[in-house]
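Heads up: the sequence shown begins at -10 in the numbering used here, then just goes up one per residue.
Every residue gets a Cβ at the ideal spot worked out from N, C-alpha and C, and that includes glycine.
Nothing here was measured: the structure is a model prediction, and the numbers come from that model.
Structure first, then comments.
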Amino acid sequence: MNPVWYAARTGLRRGWTELKQTFTSGQDVFGYVLWTVLLIVPLFLVGDDPLEGAGISAGAFMLPSMLGMTLAFTGMMTTAQLLATEREDGTLLRAKAVPHGMVGHLVGKVVMVSGTAVVSMALPFAVGVFMVDGVAQRGGGALLTLVWVVPLGLLATLPAGAVIGSLVTSPRTVGLLMLPVMGLVVVSGIYFPLTELPDWLQLVAQVFPVYWLGLGLRAALLPAEAVAAEIGESWRYLETAGVLGAWAVAGLLLAPPVLRRMARRESGAAMAERHRKAMQRVG
């Protein structure tokens, strides 16, 4: 068997094992529950308040939007956090020492993060669908939209997260990056329609995948009349596929050379230097 394919298959098994382990770890289970609560609280607060002109409640608008935000946030920031952490603790250096070990390691992370993203979406959806009316009532049409929006969303965000994780100097830097990401979430039409923002902020939001993932999931899960709340009163399927596809292509082109550069620079001396600096900060 081709050694690269063997490494990839090993990575698939490893990723699946790591994903299953998250359900046996108290800390990870608490993270799933906490994230679900954080998403459900806004739905509880807005209740059935009507969204003007859309024929749905504000809660119904917010639920699929927040699921899209979860997919983007998990795909991008979790990938970045894992790579930065495993570079600092030497996990990537050990993977590099094994033939094609980086291939297997990265495949495993893709499987694990993708599974984490899906679970992080499924739990609040399972709770939220009983709290708001008018969500997930489109049957097969919704399923067809989800089939391409969710995988394309992962392709658009996972490589971007890998690039961020390869470029930052420490996991703490990734934590600081969450602040501008949360600012982007606020202006991406997650908690209210994007049409309520100034035109220039609408343009900024439409550059990034967060808005398009929210739009794609609203198109899948909301009734047809809810389109009145969207820009141009259209679900803009082609634009959604185009922007997410552009992010996916850019990430897949940029991530491999950046990851190779990171792997080449990994060494025992580099890891020891990072530990020395970390101890100086603690001291």
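Classified as exposed, Met171 has fewer than 16 neighbouring CB atoms from the shown chains inside 10 Å of its CB. With 16 or more neighbouring CB atoms inside 10 Å of its own CB, Phe62 falls in the buried class. Counting the other CB atoms within 10 Å of its CB gives Trp(-6) a total below 16, which places it among the exposed residues. Look at the beta carbons and you see the stretch 149 to 157 touching the stretch 241 to 251: at least three pairs across the two are nearer than 8 Å. Inter-residue distance for Pro160 and Ile179 is about 27 Å (C-alpha atoms, whole angstroms). Counted as a single uninterrupted DSSP element, the alpha helix (DSSP H) harbouring Gly15 occupies residues 15 to 35. With a cut-off of 8 Å on Cβ pairs, the stretch 209 to 217 is not in contact with the stretch 190 to 198, counting fewer than three such pairs. Remark: C-beta atoms of Pro148 and Gly240 approach each other more closely than 8 Å. In this structure, Trp236 places its C-beta atom within 8 Å of the C-beta atom of Ala145.
Fewer than three pairs of CB atoms, one per stretch, sit closer than 8 Å, so the stretch 78 to 93 makes no contact with the stretch 220 to 234.
The DSSP-derived three-state label of Ser103 is helix.
With 16 or more other Cβ atoms inside 10 Å of its own Cβ, Pro53 counts as buried.
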